[in-house]
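**Student:** There's a structure below that I have some questions on.
Number of protein chains: 2
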Amino acid sequence: MDTGKKPRHRPVDLVKREAILDAARDEFFTHGFAAASIETIAAVSGVSKVTIYNRFKTKETLFAAVVERQCTMMSAVFVAPDAPGTDLRQQLIAFGETMVDFLTQPHVMRFERRIGAEAELRPEVGELFLNAGPRRLRRELTALLESAVSKGTIRPCDCEMAAGHLYGLICGFDMFFARFSENGPDPHQLQQQVPDAVDRFLDAYGD
Amino acid sequence: MDTGKKPRHRPVDLVKREAILDAARDEFFTHGFAAASIETIAAVSGVSKVTIYNRFKTKETLFAAVVERQCTMMSAVFVAPDAPGTDLRQQLIAFGETMVDFLTQPHVMRFERRIGAEAELRPEVGELFLNAGPRRLRRELTALLESAVSKGTIRPCDCEMAAGHLYGLICGFDMFFARFSENGPDPHQLQQQVPDAVDRFLDAYGD
DNA sequence: TACATTATGAACGATTGCGTTCAATTATAC
DNA sequence: GTATAATTGAACGCAATCGTTCATAATGTA
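Listed below in structure tokens is the structure:
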């Protein structure tokens, strides 16, 4: 219960919290947890090191906070564009384009790369990420395909597997390659490949 | 020229070099370059720290040596099983199974995860990896499909894109998910999905 | 046995970085 | 203005680690 009773003292600066988390995100994702420097984070965010330790008990806590913020940010993105009325091909293309748009963002790619590495020693971080992003994505895509099956637009199949197939067709080698090169995939080029991928998917699964 | 002239002194212990590289691989890929400890590597490989510095000038040099060894190890694997005489479906299934077999090896997955992260600060490492593995893989798969096109087994198409499609169909979500969970993909299950993926590929590209 | 080189172990200097302490300053409510 | 809490800057203890030095031991050839 927030009694609205205002304390008679200096309030915490909420802007600073975001600044800290922003700087921490960059530092952690660029150098990794171990090599990240709290002092650098303090300097970049324009905040005293003590302030950071006042708000986040340890380096681990700060890292967890960063990951959590990124995860909620991610899960907010996946809203299935189940625009009824348009045909399946258009729906799948829209879905694919949204997905590609999202996945090719530099900061998303950096997030992915870093979580993959950190999960080596911190499995719970990997789980958090999976639940916030990939599993959600698969669930929604599967639901979309199940609805298509029930409408008879595509033939009956294991829709979860089909979702994986569509995802794979869209990404091809590109997302794989992009993880290891500084200049990620050309989002524009990947966009152009989406219709092709969807058409191959419909060749394979269409009625 | 190796004149066969034997030096009259204690020779270098070649076994130790491998031991060092093995320990270094584990340490680097588990903790990342920055957090890896040379002293741990020395202890695990049963070698003095000075010996390591005698053979590898710096930590960076040692890391580079590890990456290079892993890369040559990888490039040695990709021999296209272009068994002529078998039909395309069998050929693609064999290719897929070999690929899955290789990619799901725990030490290969750890290599991938770590290179992805390190490439953030060391692009040249990412390039090395790409040339040793993924690009080679794509080249061979593309060649296989081109030969299939010329034989009329599948219809004419952009074979490099088709190769990406086949790769994507085979991996689906699984390789993606596996990067973030401690228990990787069930290689057995992935194996079973290969024929399905190949059949969907042939649905889409078959003549 | 004498020699040449590799390998070891222990210690060192220098750096970095976490997390803490403390006195001083700032911002807000009353 | 005063009380209260947030924030700062500087300094500290402590541990880890890179890379080096050096005296000593081990291992091979001649």
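In order, the protein sequence lines correspond to chains A and B. Its first residue numbered -4, the first sequence is counted upward by one per residue in our numbering. Its first residue numbered -4, the second sequence is counted upward by one per residue in our numbering. All C-beta atoms in this analysis are idealised placements derived from N, C-alpha and C, irrespective of residue type, glycine included.
Specify whether the region 98 to 114 of chain A and the region 44 to 53 of chain A touch according to this definition: at least 3 beta carbon pairs, one from each stretch, less than 8 Å apart.
**Tutor:** no
**Student:** Quick check on the burial criterion: 16 or more other C-beta atoms within 10 angstroms. Buried or exposed for ALA203/A?
**Tutor:** Chain A is shown only over -4 to 202; residue 203/A falls outside these bounds and no answer can be derived.
**Student:** State the beta-bridge partners of ILE149/B as determined by DSSP.
**Tutor:** Looking up residue 149/B in the second sequence gives position 154. Residue pairing of ILE149/B in beta bridges, as defined by DSSP: GLY201/B.
**Student:** Using a beta-carbon distance cut-off of less than 7 Å, what residues from the region 79 to 111 of chain B approach chain A?
**Tutor:** Taking 7 Å as the Cβ-Cβ cut-off against chain A, the residues of the region 79 to 111 of chain B that qualify are ARG105, ARG108, ARG109, ILE110, GLY111.
**Student:** Rounding to the nearest angstrom, what Cα-Cα distance links VAL72/A and TYR162/A in this structure?
**Tutor:** Stepping through the first sequence from its first residue, residue 72/A is reached at position 77. Stepping through the first sequence from its first residue, residue 162/A is reached at position 167. Roughly 17 Å separates the two Cα atoms.
**Student:** Can you tell me the Cα-Cα spacing of ARG133/B and GLY91/A, whole angstroms?
**Tutor:** The residue labelled residue 133/B in the question sits at position 138 within the second sequence. The residue labelled residue 91/A in the question sits at position 96 within the first sequence. Taking the straight line joining both Cα atoms gives about 23 Å.
**Student:** Excluding the 5 residues flanking ARG105/B on each side, which residues of the same chain have their C-beta closer than 7 Å to its C-beta?
**Tutor:** Locating residue 105/B in the second sequence gives position 110, where the first residue counts as 1. Within the same chain, ARG105/B has close Cβ partners PHE24.
**Student:** 9 Å is my cut-off, CB to CB: does PHE23/A come that close to chain B?
**Tutor:** Looking up residue 23/A in the first sequence gives position 28. Chain B, which has no Cβ nearer than 9 Å to the Cβ of PHE23/A, makes this no.
**Student:** Taking MET94/A as the reference, which of ALA30/A, ALA173/A, CYS166/A has the closest Cα?
**Tutor:** One-based indexing of the first sequence puts residue 94/A at position 99. The shortest Cα separation from MET94/A among ALA30/A, ALA173/A, CYS166/A belongs to CYS166/A.
**Student:** For LEU16/A, is the classification buried or exposed, using 16 other Cβ atoms within 10 angstroms of its Cβ as the cut-off for buried?
**Tutor:** Counting from one through the first sequence, the residue named residue 16/A turns up at place 21. Burial is judged here by how many other beta carbons sit within 10 angstroms of a residue's own beta carbon; LEU16/A has at least 16 and is buried.
**Student:** Would you be able to state if there are at least three C-beta pairs under 8 Å between the region 137 to 149 of chain B and the region 185 to 194 of chain B?
**Tutor:** no
**Student:** Taking all protein chains shown into account, decide if SER40/A is buried (16 or more other Cβ within 10 angstroms of its Cβ) or exposed.
**Tutor:** Counting from 1 along the first sequence, the entry for residue 40/A is found at position 45. The residue in question, SER40/A, is buried, as its Cβ has 16 or more Cβ neighbours within 10 Å.
**Student:** Would you say the beta carbon of PRO118/B comes nearer than 8 Å to a heavy atom of the ligand MN?
**Tutor:** Among the components of this structure there are no ligands whatsoever, and the ligand MN is therefore not found.
**Student:** So, with DSSP's three-state summary, where would you put THR137/A?
**Tutor:** One-based indexing of the first sequence puts residue 137/A at position 142. The answer is helix: DSSP assigns THR137/A an H, G or I state.
**Student:** What do you reckon, are the CB atoms on PHE175/B and PRO6/A nearer than 9 Å?
**Tutor:** Position 180 of the second sequence holds residue 175/B. Position 11 of the first sequence holds residue 6/A. Not in contact: PHE175/B and PRO6/A (Cβ atoms no closer than 9 Å).
**Student:** In this structure, does DSSP put THR53/B in helix, strand or coil?
**Tutor:** The residue given as residue 53/B occupies position 58 in the second sequence. THR53/B: coil per DSSP, three-state reduction.
**Student:** State yes or no: is the beta carbon of LYS0/B nearer than 9 Å to at least one beta carbon in chain A?
**Tutor:** By one-based count along the second sequence, residue 0/B stands at place 5. Note that LYS0/B scores a pLDDT of 49, beneath 50, so its modelled location is shaky and nothing firm can be said.
**Student:** Listed in chain order, which residues of the region 130 to 143 of chain B have Cβ atoms closer than 7 Å to some Cβ of chain A?
**Tutor:** ARG133
**Student:** Please go through the same chain and pick out, in chain order, the residues whose beta-carbon is closer than 6 Å to the beta-carbon of THR(-2)/B, but skip the five residues on each side of it.
**Tutor:** Along the second sequence, one-based indexing puts residue -2/B at 3. Summary for THR(-2)/B: the model assigns pLDDT 42, below 50, so the residue's position carries little reliability; its value from the coordinates is reported in the next sentence. Closer than 6 Å at the Cβ level, and outside the excluded window around THR(-2)/B, lies no residue.
**Student:** Looking at chain A, is there any beta carbon in it that lies within less than 9 Å of the beta carbon of HIS183/B?
**Tutor:** For the purposes of this step, residue 183/B is taken as residue 188 along the second sequence, with counting starting at 1. Judged by the 9 Å Cβ criterion, HIS183/B is not in contact with chain A.
**Student:** I'd like to know whether the C-beta of GLN65/B is nearer than 9 Å to at least one C-beta of chain A.
**Tutor:** What you label residue 65/B is simply residue 70 of the second sequence in a count that begins at 1. Taking Cβ atoms only, chain A never reaches closer than 9 Å to GLN65/B, which makes this a no.
**Student:** Hey, would you say LEU197/B sits closer than 9 Å to LEU87/B, going by beta carbons?
**Tutor:** The sequence position of residue 197/B within the second sequence is 202, counting from 1. The sequence position of residue 87/B within the second sequence is 92, counting from 1. Result yes, Cβ atoms of LEU197/B and LEU87/B sit closer than 9 Å.
**Student:** Between which two residues does the alpha helix (DSSP H) harbouring ARG174/B extend?
**Tutor:** For the purposes of this step, residue 174/B is taken as the residue at position 179 of the second sequence. Per DSSP, ARG174/B belongs to no alpha helix (DSSP H) and is neither H nor E.
**Student:** Answer yes or no: do PHE28/A and CYS66/A have a C-beta to C-beta separation smaller than 9 Å?
**Tutor:** Against the first sequence, residue 28/A aligns to sequence position 33. Against the first sequence, residue 66/A aligns to sequence position 71. No, the Cβ-Cβ distance between PHE28/A and CYS66/A is not below 9 Å.
**Student:** From GLU171/B to HIS26/B, what does the alpha carbon distance come to, in whole angstroms?
**Tutor:** Within the second sequence, the letter at position 176 stands for residue 171/B. Within the second sequence, the letter at position 31 stands for residue 26/B. Sequence check: residue 171/B is Phe here, not Glu. So the alpha carbons of these two residues sit roughly 21 Å apart.
**Student:** Relative to the alpha-carbon of ARG12/A, which residue among THR148/A, LEU57/A, THR137/A has its alpha-carbon at the smallest distance?
**Tutor:** Within the first sequence, the letter at position 17 stands for residue 12/A. Cα-wise, what sits closest to ARG12/A is LEU57/A.
**Student:** Run down chain A in chain order and give the residues with a C-beta less than 7 Å from the C-beta of GLU115/B.
**Tutor:** As a first step, residue 115/B must be located in the second sequence, where it is residue number 120. Here the neighbours are THR25, ARG105, ARG108.
**Student:** Would a C-beta distance cut-off of 9 Å place ARG131/A and GLY201/A closer than the cut-off?
**Tutor:** For the purposes of this step, residue 131/A is taken as residue 136 along the first sequence, with counting starting at 1. For the purposes of this step, residue 201/A is taken as residue 206 along the first sequence, with counting starting at 1. Judged by their CB atoms, ARG131/A and GLY201/A are not nearer to each other than the 9 Å cut-off.
**Student:** Among VAL62/A, VAL42/A, THR137/A, which has the Cα closest to the Cα of ASP8/A?
**Tutor:** Locating residue 8/A in the first sequence gives position 13, where the first residue counts as 1. Answer by Cα proximity: VAL42/A.
**Student:** Does GLU55/B get closer than 9 Å to chain A when you measure Cβ to Cβ?
**Tutor:** Within the second sequence, residue 55/B is the residue found at index 60, counting from 1. It does not; no Cβ of chain A falls within 9 Å.
**Student:** Which full runs of the alpha helix (DSSP H) of 4+ residues lie inside the region 82 to 120 of chain A, going along the chain?
**Tutor:** 83 to 98, 101 to 113
**Student:** Consult DSSP for ARG5/A and reduce its assignment to one of helix, strand or coil.
**Tutor:** As a working mapping, residue 5/A is identified with position 10 in the first sequence. DSSP places ARG5/A in coil when its eight states are reduced to three.
**Student:** For ALA157/A, which three-state DSSP category applies?
**Tutor:** Indexing the first sequence from 1 puts residue 157/A at position 162. Looking at ALA157/A - three-state DSSP - the assignment turns out to be helix.
**Student:** If you drop the 5 nearest sequence neighbours on each side, which residues of the same chain put their C-beta closer than 7 Å to that of ALA60/B?
**Tutor:** The sequence position of residue 60/B within the second sequence is 65, counting from 1. Excluding positions up to five away in sequence, the list reads LEU16, PHE51.
**Student:** So is PHE172/B in contact with chain A if we call contact Cβ pairs under 9 Å?
**Tutor:** Residue 172/B sits at position 177 when you count from the first residue of the second sequence. Yes, its Cβ sits closer than 9 Å to a Cβ of chain A.
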